[in-house]
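A short write-up of the structure that comes next.
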Amino acid sequence: MTDFSSNIVLVIAVTSIATYLSRMLGVLFSEKINENSKIFRLFDCIAYSTLAALISKVVVFPAGDLGEISNLTRLIVVFVCVVVFFIAKRNLVYPTVLSAILLTVLIKYI
Amino acid sequence: MIRSGFYLKGLLSVRSVDSPAIALGCSFLAIGALLKNIGFNFQQSVSSTFFTYALPGQLVMAESFLVGASLVNIFIAVWLVNARLFPMAVSMFPLLKSKKQPKWKYYISCHFLAVSSWLIMKKDYRTINENYRIDFWMGIGTATWSIAIFSTILGYLVSDYLSKDMMIGLAIVNPIYFFCMLLGSMKNIAIGTSVILGTILGPVFYLISPEWCILYGGVTAGIIAFFSGEFND
């Protein structure tokens, strides 16, 4: 195995361990928690808000290819898709499909 | 062992038209293509999704690897971006607890924890007998994990045919799908406040600390939302 390949294998191993650690510690911690307790409700709130923070960070300050698109374009796509989601009675298919099409169209014309 | 009926029900829960399979598939398709472009071979790309199965963490890994970051730095960066999995596990596994079930199921199946599987489980757990929720969860996890692995393979194989615009189009699908799914899960004041405040505070904290913004924003928003929920009860 070349140095480059063995480096990648190590990087994958480190990434997997770092990720599993959070999952495993969560299971360990949850052994003592009752689903009707306040601590459970607190973690429920933190879980939802952390996900929301992650998603909005990805949209507002994206990494990778999405970062090459202007903030205005990304926010227009999000706004339109959220409106469509509610108009379509919370159907997830329409906004999901529309998002890719709308972004591709906006890239060409904005 | 595993109750096949409940496992199968979980496995088939991603079949519905509005299942996360589309968003999940698009995202991991992009990851497969990205990993090939930065020099991973086929086995390494598939292993990355097989063993990690966390999109933001894999993206951070790819970016860190490209700039030649040390293993310690990669570990910390991935741990930080995937730290959301801790509160997600704490807010889900108590719902799956049963004295009839062995502990190994919980520690193995926690690998399936991701936004998609978590949201499905949180939506459907009440419909499942509490003694077999873990089997149902393992079914959901197997399905979403398999979709991710299959999509990574597909992304790797078709990467040469994906244009820049197509990659950008694929990249927006995941946040839009999960943001709509989060909006749809706003069933009470506490969760509604969590989602709205988290959406605002994530980018706000990015201006202060890009590395810690998800944790700072998420925890701050979650604590405020929790107290607003308690106050209104």
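Residue numbers (this note's numbering), protein chains in the order written: chain A, 1 to 110; chain B, 1 to 233.
For every residue, glycine included, the Cβ atom is placed at its ideal position computed from N, Cα and C.
Fair warning: this is a prediction, and the values are worked out from it, not measured in the lab.
>> Taking 7 Å as the threshold (beta carbon to beta carbon), is Pro102(B) in contact with chain A?
In response: Within the second sequence, the letter at position 102 stands for residue 102(B). No, no contact with chain A.
- Compare the C-beta of Gln43(B) with all C-beta atoms of chain A and state if any pair is closer than 7 Å. Stepping through the second sequence from its first residue, residue 43(B) is reached at position 43. Chain A, which has no Cβ nearer than 7 Å to the Cβ of Gln43(B), makes this no.
Listed by chain order, chain B residues near Leu75(A) by CB distance under 8 Å
Position 75 of the first sequence, counted from the first residue, corresponds to residue 75(A). Ordered by position in chain B, no residue passes the 8 Å Cβ test against Leu75(A), which lies about 11 Å from the chain.
Report task. Count the other CB atoms, across all protein chains shown, that sit within 10 Å of the CB of Arg133(B); report buried if there are 16 or more and exposed otherwise. Result -> Along the second sequence, one-based indexing puts residue 133(B) at 133. Buried.
Take Leu54(A) as the anchor and find which of Thr220(B), Asn232(B), Gly202(B) has the nearest alpha-carbon. Counting from one through the first sequence, the residue named residue 54(A) turns up at place 54. Selected option, being the one with the closest Cα: Gly202(B).
Practice prompt. Determine the contact status of Gly198(B) and Ala52(A), defining contact as a CB-CB distance below 7 Å.
Written response: For the purposes of this step, residue 198(B) is taken as residue 198 along the second sequence, with counting starting at 1. For the purposes of this step, residue 52(A) is taken as residue 52 along the first sequence, with counting starting at 1. It is a contact, given that the beta carbons lie within the stated cut-off.
- Whole beta strand (DSSP E) runs in the segment 154–219 of chain B with 3 or more residues, listed along the chain? none
**Request:** Output, in sequence order along the chain, the residues in the segment 48–61 of chain A whose CB is closer than 9 Å to any CB in chain B.
**Result:** Tyr48, Ser49, Thr50, Leu51, Ala52, Ala53, Leu54, Ile55, Ser56, Lys57, Val58, Val59, Val60, Phe61
| said: With H, G and I counted as helix, E and B as strand and the rest as coil, what does DSSP make of Gly68(B)? | reply: Looking up residue 68(B) in the second sequence gives position 68. Of the three classes helix, strand and coil, the one that applies to Gly68(B) here is coil, per DSSP.
(Q) If I follow the unbroken alpha helix (DSSP H) through Arg111(A), where does it start and stop? (A) Nothing about residue 111(A) can be read from this structure; chain A reaches only from 1 to 110.
Exercise for review: Could you tell me which of Cys45(A), Ile101(A), Ala100(A) sits nearest to Phe227(B), measuring between CA atoms?
Suggested key: Within the second sequence, the letter at position 227 stands for residue 227(B). Per the Cα distances, Cys45(A).
Excluding the 5 residues preceding and the 5 following Ala221(B) in the sequence, name in chain order all residues of the same chain whose CB lies nearer than 7 Å to its CB. The sequence position of residue 221(B) within the second sequence is 221, counting from 1. Ser194, Leu197, Gly198, Leu201, listed in sequence order.
> Nearest-angstrom Cα distance between Phe40(A) and Val67(B)?
Replying inline: As a working mapping, residue 40(A) is identified with position 40 in the first sequence. As a working mapping, residue 67(B) is identified with position 67 in the second sequence. One C-alpha to the other measures close to 39 Å.
- prompt: How would you list, in chain order, the residues of chain A whose beta-carbon sits under 7 Å from the beta-carbon of Ala89(B)?
  reply: Taking the first residue of the second sequence as position 1, residue 89(B) is located at position 89. Correct list: Arg23, Gly26, Val27, Ser30.
### Query
If we cut at 7 Å on Cβ distances, does Asn82(B) have a partner in chain A?
Along the second sequence, read from residue 1 onward, the residue named residue 82(B) stands at position 82. Yes, because at least one Cβ of chain A sits closer than 7 Å to the Cβ of Asn82(B).
How long is the line joining the alpha carbons of Gly26(A) and Leu85(B), rounded to whole angstroms? One-based indexing of the first sequence puts residue 26(A) at position 26. One-based indexing of the second sequence puts residue 85(B) at position 85. Rounded to whole angstroms, Gly26(A) to Leu85(B) spans 7 Å at the Cα level.
Quiz item: List, in order along the chain, the chain A residues whose C-beta lies closer than 7 Å to that of Gly218(B)?
Solution: On the second sequence, position 218 is the one that residue 218(B) refers to. Residues of chain A passing the Cβ test: Ile46, Ser49, Thr50, Ala53.
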